[in-house]
Amino acid sequence: MKYTQFLPDEAATLSIAAQIAKLTTQNLVIYLEGDLGAGKTSFSRGFLQGLGHVGNVKSPTYTLVEPYEVSPWRIFHFDLYRLSDPEELEYMGIRDYFADDCICLIEWPDKGAGLLATADLEISIEFETSGRRIHIVPLSDIGRQIVEILQK
Numbered sequence: 003m004k005y006t007q008f009l010p011d012e013a014a015t016l017s018i019a020a021q022i023a024k025l026t027t028q029n030l031v032i033y034l035e036g037d038l039g040a041g042k043t044s045f046s047r048g049f050l051q052g053l054g055h056v057g058n059v060k061s062p063t064y065t066l067v068e069p070y071e072v073s074p075w076r077i078f079h080f081d082l083y084r085l086s087d088p089e090e091l092e093y094m095g096i097r098d099y100f101a102d103d104c105i106c107l108i109e110w111p112d113k114g115a116g117l118l119a120t121a122d123l124e125i126s127i128e129f130e131t132s133g134r135r136i137h138i139v140p141l142s143d144i145g146r147q148i149v150e151i152l153q154k
């Protein structure tokens, strides 16, 4: 099972991300994949806004992780693009980020292979001539529930 949708502009990216956020009923790990500039951070912004976050959402390219709190969730937006060694994640206590009250949005998850929690949703965004295309693959029961609702 896979969900695919054409995204003509950034507003469409923000919208699908907000839809997914509104369907979130338990802790969630989302892997975000795609080339530089494909829309991974825009997706994260839309997701956070969909949960009710008000304010800026910046890319954690240099800090590796940006924390947010939107009751009842602690949300962690990771950008692992500049991670030179996955072991760095151990030093920052990566396992603590995957608690029951946490949602993790992880850009460039391949850089943290072997140390990250398994994804519930694997989302890839790719360029198309006049926009982008998002592919959403569920990898858990909650992921399947979200994709089933999106397909309706």
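Residue 144 in the working numbering is what sits at position 142 of the sequence shown, and the numbering runs on without skipping anything.
Using N, Cα and C, we set each Cβ at its ideal position, and we do this for glycine too.
Keep in mind it's a predicted model, so treat the numbers as computed, not measured.
For SER86, is the classification buried or exposed, using 16 other Cβ atoms within 10 angstroms of its Cβ as the cut-off for buried? exposed
Is the region 86–99 touching the region 14–26, taking contact as three or more C-beta pairs under 8 Å? no
In chain order, what residues of the same chain lie with their CB nearer than 6 Å to the CB of GLU1, ignoring the 5 residues before and after it? Here the chain covers residues 3 to 154 and nothing more, so residue 1 does not appear.
Quick one: measure Cβ to Cβ for ASP143 and ASN29, integer angstroms, because I've assumed they're closer than 8 Å. No, ASP143 and ASN29 are not in contact; Cβ-Cβ is about 12 Å, not under 8 Å.
Buried or exposed, going by whether 16 or more other CB atoms sit within 10 Å of the CB of GLU109? buried
Return the first residue and the last residue of the alpha helix (DSSP H) that VAL149 is part of. Element bounds for VAL149: 143–153.
In three-state terms, what does DSSP make of TYR99? helix
Pairwise C-alpha distance: LEU152 and GLU124: 14 Å
Start and end of the beta strand (DSSP E) containing SER126? 123–130
Between ILE77 and TYR83, how many whole angstroms is the CB-CB distance? I'm expecting something under 8 Å. That belief does not hold up - the Cβ atoms of ILE77 and TYR83 are roughly 19 Å apart, past 8 Å.
Ignore the nearest five residues each way along the sequence and tell me which others in ASP37's own chain have a CB closer than 8 Å to its CB. Cβ within range, chain order: GLU128 and PHE129.
Test item: CB-CB of HIS137 and LEU107 under 9 Å: Not a contact, by the Cβ cut-off of 9 Å.
Tell me which same chain residues have a C-beta within less than 6 Å of the C-beta of GLY145, skipping the five on either side of it? ASP122 and LEU123
Going by C-alpha distance, which of ALA14, SER73, LEU118 and GLN7 is nearest SER46? ALA14
N- and C-terminal bounds of the beta strand (DSSP E) containing GLY64: The question names Gly, but residue 64 in the sequence shown is Tyr. That residue, TYR64, is in no beta strand (DSSP E); it is neither H nor E in DSSP.
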